[in-house]
Amino acid sequence: MPVRALIIDYKGLEQGDATANRALLDWITEQGLDWCLFTTDPVDAAAWCAARGYPAPAAYVHRGIVPNNPNRGSAAWVDEATRQLGVQRHELLYVGSTHLDWRTAGNAGVLYVHARWTGQLPAGHNALNFSGPGEIPAFAEAFLLDEPRWAFQGGGGGWKLRCLLPASVTLPRTASGQTFRLQDVFTYEQPVKIGEEDARSVLMLSALVNVYLEGLMTGGAWICVYPSSRPGRVSEQLQAFLRPASHLFHNFYREDLLVRAVQAPDTSRERAAARKEGRPAQVSIATQATTVHVGSDYRRRRLKGKTVIVADDFTTHGMSLSWARALLGMAGVEQVIMLAVGKYGPASHTVYAPLGAVKPFQLNAELTERDFKTVDMPLRRDNRAEQQMRDRIAMFFHDAAGA
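Heads up: the sequence shown begins at 1002 in this note's numbering, then just goes up one per residue.
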């Protein structure tokens, strides 16, 4: 679902330019959205807004009406807003002014943006920052007001697969027609810019926001990157973004959750070589099963009931992500979200289910391809995902004419 309402702390409307604040509230109304005013102490919300020339909010929350009267920081504040507005948490955008707003949104798993015109967040509090209220509509229109679309998606019991785009897609990088490929960013690690923004950040933020809008980005979820073929390595392009970006949703990046303990063949290179030589690729689920396990330190950490998002740059048949799902499921994880930027091959995903017991916290060196049952699952294909990405990218164009 797209975002349906905004929570706005009163300081964001009390400080800064009143005309700009009023324009933000007018835009909210024009979009058919609602908004909720947050104050610590009770005020006459309608009179408070009228005195500033603002429209009255659809909902109003202060500490006195939140069950048990908790201080700001408690998710109960957000739950009171959802009750009044008739929305779910993932249908909200929280515009806050202090570290307590940041904490309130985070504890509820609600996407938070910081009103920097009221002051800076303290160090260590990562958030999307906006220097003026006029920047919020552009961000929301680019990322939050349309249904989240995936080029490919599917799922089963305890897992979901989401692929942002076809791996072969070519995307614009300027309004004048220059383009780039996903491989330029994630395989060859080229510094691709879309206007003034890093292409990787635009793509990955789009993926994470899509997960959020689906209601899959639960507060406190863990995020990790599937390890590269070499021990101790993951995609730096993914990790460098996801480590700080996980805090946008009050999630936690776990670098060592999945461990490549033994060197494995690079499946991307093998597939490329096989295509060039006109032969079948020598790729097997055993390549993953005998070299990757859950970090042993997590034996003592609570995995039961967790949501884990496993990110990979590309997927083809799904061997890597399927093995991650199997490992984490056997370690007690409740839901695994498998997230890929690009997908090669047909609109299907192969589920590899171990036929016997798997030891999640150590290598399973004895496993072979015969130890897995395979089921090819069709994925839902949405061709509109590519256009949605192009529309989002267009918001970042800054050409010589000032577009």
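Beta carbons: idealized from backbone N, C-alpha and C, even for Gly.
Remember, predicted model here, so these are calculated numbers, not experimental data.
An exposed status is given to residue 1066, since fewer than 16 other beta-carbon atoms sit within 10 Å of its beta-carbon. Cβ contact annotation for residue 1369 (same chain, cutoff 7 Å, sequence separation greater than five): 1287, in chain order.
A distance below 8 Å separates the beta carbons of residue 1004 and residue 1092.
Listed in chain order, the non-local C-beta contacts of residue 1333 below 6 Å within the same chain comprise 1304, 1305, local neighbours out to five positions each way being set aside. Just so you know, the alpha carbons of residue 1363 and residue 1319 end up roughly 22 Å apart. Around the beta carbon of residue 1169, a 10 Å sphere encloses fewer than 16 other beta carbons of the protein chains shown; the residue is thus reported as exposed. Less than 8 Å divides the Cβ of residue 1109 from the Cβ of residue 1220. Here DSSP, grouped into helix, strand and coil, assigns residue 1250 to helix. Scanning its chain for C-beta atoms nearer than 8 Å, with the 5 sequence neighbours on each side dropped, one finds around residue 1378 the residues 1155, 1157, 1349, 1350, 1351, 1352, in chain order. Shown here, residue 1398 sits in coil according to DSSP, grouped into three states, outside any helix or strand.
At least 8 Å separates the beta-carbon of residue 1203 from that of residue 1312. At least 8 Å separates the beta-carbon of residue 1162 from that of residue 1342. Bounds of any alpha helix (DSSP H) do not take in residue 1353; it lies within the beta strand (DSSP E) bounded by 1349-1355. Rounded to the nearest whole angstrom, the CA to CA distance from residue 1327 to residue 1308 is 14 Å. Within the segment 1018-1053, complete alpha helix (DSSP H) segments of at least 4 residues are found at 1019-1031, 1046-1052, given in chain order.
With a contact defined as Cβ atoms closer than 8 Å, residue 1095 and residue 1008 qualify at about 5 Å.
In the three-state reduction of the DSSP assignment, residue 1091 falls in the helix class, which pools H, G and I. Residue 1135 and residue 1038 have their C-alpha atoms roughly 18 Å apart. Between residue 1336 and residue 1159, the C-beta spacing is below 8 Å. Between the C-alpha atoms of residue 1073 and residue 1138 there is a straight-line separation of about 26 Å. The three-state secondary structure of residue 1061, taken from DSSP, is strand. Residue pairing of residue 1153 in beta bridges, as defined by DSSP: 1164, 1382. In terms of CA proximity to residue 1339, 1323 leads the group 1345, 1241, 1323, 1080.
One Cα belongs to residue 1388, the other to residue 1396, and the distance between them is close to 13 Å. Between the C-alpha atoms of residue 1253 and residue 1247 there is a straight-line separation of about 6 Å. Assignment of residue 1278 by DSSP, reduced to helix, strand and coil, places it in the helix class. Looking at the DSSP output, residue 1117 shares a beta bridge with no other residue. Annotated three-state conformation of residue 1313 is strand, per DSSP. A distance below 6 Å between beta-carbons, with the five flanking residues on each side excluded, links residue 1224 to the following residues of its chain, in chain order: 1243, 1247, 1252, 1254, 1310. Nearest to residue 1193 by C-alpha distance, out of 1231, 1174, 1265, 1208, is 1174. Annotated as proximal: residue 1082 and residue 1062, with beta-carbon spacing under 8 Å.
Residue pairing by DSSP puts residue 1173 in a beta bridge opposite 1180. DSSP, reduced to helix, strand and coil, places residue 1079 within a helical segment of the structure shown. Our two residues, residue 1036 and residue 1281, have alpha carbons roughly 56 Å apart in a direct line.
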